[in-house]
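Take a look at the structure set out below.
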């Protein structure tokens with residue numbers, strides 16, 4: 029088997045061989061006379077990194093925020109991550125504070141401090157604690173349902189998302205005003 033057949037060069041070679049001589053000469057002249065409009069220079073690694081970092085600063089960080097309409101699915105995903113981080117920071121922050129100063133952060137001092145606060149501050153604090161806790165809990169149940177293969181259609185995603193929002197609203201209000 030010939031090399032041209034193996035490499036698939038047969039049609040290309042036939043086209044060049046049977047092309048008019050004038051066209052071949054123009055192609056050769058065009059390739060020879062063509063000049064680069066951009067001059068290249070060699071740079072060191074550190075200079076190349078500086079140029080790359082400068083170019084990265086000009087790029088948009090999240091173009092999808094500006095070109096897509098907000099959707100329940102990605103807003104819930106972002107809020108789930110934010111609430112997870114917030115609850116973790118709160119848990120580890122209070123735990124570290126208790127380790128550093130156990131007499132200041134024991135339950136009797138915390139209860140006395142909360143008791144001395146005005147009612148509006150108590151309700152606001154309960155809301156700030158209850159909202160991320162309930163949303164993260166209900167959205168976690170939604171993700172467990174997804175892991176079992178439930179609500180995997182677009183309609184199912186949206187209906188379960190609205191159910192999470194409704195359950196979050198009701199349970200947050202219940203925790204704030206009745207507990």
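Residue numbers (the working numbering): 29 to 207. Think of the CB as a built atom: it goes at the ideal place given N, C-alpha and C, for glycine as much as any other residue.
Inset, instruction - Might you give, ordered along the chain, the residues of its own chain that have their beta carbon closer than 7 Å to the beta carbon of residue 100, omitting 5 neighbours on each side? - result: 186, 189
Legend entry - 8 Å CB neighbourhood of residue 122 in its chain, flanking five on each side removed: 133
Legend entry - Assigned secondary structure, residue 144 (DSSP; H/G/I helix, E/B strand, else coil): coil
Inset, instruction - Measure the Cβ-Cβ separation of residue 155 and residue 200 and say whether it is below 8 Å. - result: yes
Legend entry - Sub-8 Å separation of residue 150 and residue 142 beta-carbons: yes
Legend entry - Through-space distance from residue 67 to residue 113, alpha-carbon basis: 49 Å
Inset, instruction - Report the option in 88, 102, 194, 79 whose CA atom is closest to the CA atom of residue 182. - result: 102
Inset, instruction - Would you list, in sequence order, the uninterrupted alpha helix (DSSP H) runs of no fewer than 4 residues that lie entirely inside the region 97–153? - result: Whole alpha helix (DSSP H) segments, 4+ residues: 100–128, 135–143.
Legend entry - CA nearest to the CA of residue 193, picked from 174, 173, 206, 162: Comparing alpha carbon positions, the residue from 174, 173, 206, 162 closest to residue 193 is 162.
Inset, instruction - Within the same chain, show all residues whose beta-carbon is closer than 8 Å to that of residue 145, passing over the 5 residues directly before and after it, in chain order. - result: 153
Legend entry - Selected residue, minimal CA-CA separation from residue 159, among 177, 196, 140, 79: 196
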